[in-house]
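What follows is a set of notes on a single structure, which appears directly below.
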């Protein structure tokens, strides 16, 4: 096996590992999202005109906003507190869960 | 007609006038929302993972966010600029339009 082939294989393996560890876990997100339903409704269908629906929302947008609440670049009395308890993995999982709902 | 009845009628009339002047104009909102489609997609269905869907979103939430972009309490390079050109009536109309989409 040549050096190039070995390097390619190593790179592919790293990519696969990376893809695996970054893949969001929708089931874990669903469990973590139980708290969210108090305001954002069952399965992300809000019953309050001032709180957004989350069902079917873009995952990238959701995770960016939760991270913004967590780091303080977006401010909201409720969401700043909620987001502070979520890890980066939690955020990706919760975003993937709401995004998966139709 | 007694004083009570007259007062009630006057109050009802005021309420009706108030409801009329505050009612959002979905058609006007649709016309004004043409610019939004560049990022938020046709009829508020975004094709970019980082930009939110707006179709079916809560009107109160949408108008609150557009106003927050306009007054600077929520910041985004694109939305801050977009929101600055909208009047309060435009904002209510655009929010009502996107909220009306299924």
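Residue numbers (the working numbering), protein chains in the order written: chain V, 1 to 102; chain A, 103 to 204.
By construction, the Cβ of each residue, glycine as well, lies at the ideal position given by its N, Cα and C atoms.
Quick caveat, the model's predicted, so the values are computed rather than measured.
For residue 135(A), no chain V residue has a Cβ inside 9 Å of its Cβ, as the nearest lies near 17 Å away. By the rule that beta-carbons nearer than 8 Å mark a contact, residue 195(A) does not touch chain V.
Under the 10 Å beta carbon count, residue 177(A) is surrounded by fewer than 16 other beta carbons and is classified as exposed. Nearest to residue 131(A) by C-alpha distance, out of 166(A), 142(A) and 197(A), is 197(A). In this structure, the straight-line span from the alpha carbon of residue 154(A) to that of residue 189(A) is close to 22 Å. Of 82(V), 70(V), 101(V) and 60(V), the smallest CA-CA separation from residue 92(V) is found for 60(V). Annotation: Cβ neighbours of residue 166(A) in chain V (cutoff 7 Å, chain order): 50. Annotation for residue 167(A): the continuous alpha helix (DSSP H) segment containing it runs 161-173. Residue 181(A) is not a Cβ neighbour of residue 137(A), given a cutoff of 8 Å. Taking all protein chains shown into account, residue 174(A) has fewer than 16 neighbouring C-beta atoms within 10 Å of its C-beta and is therefore exposed.
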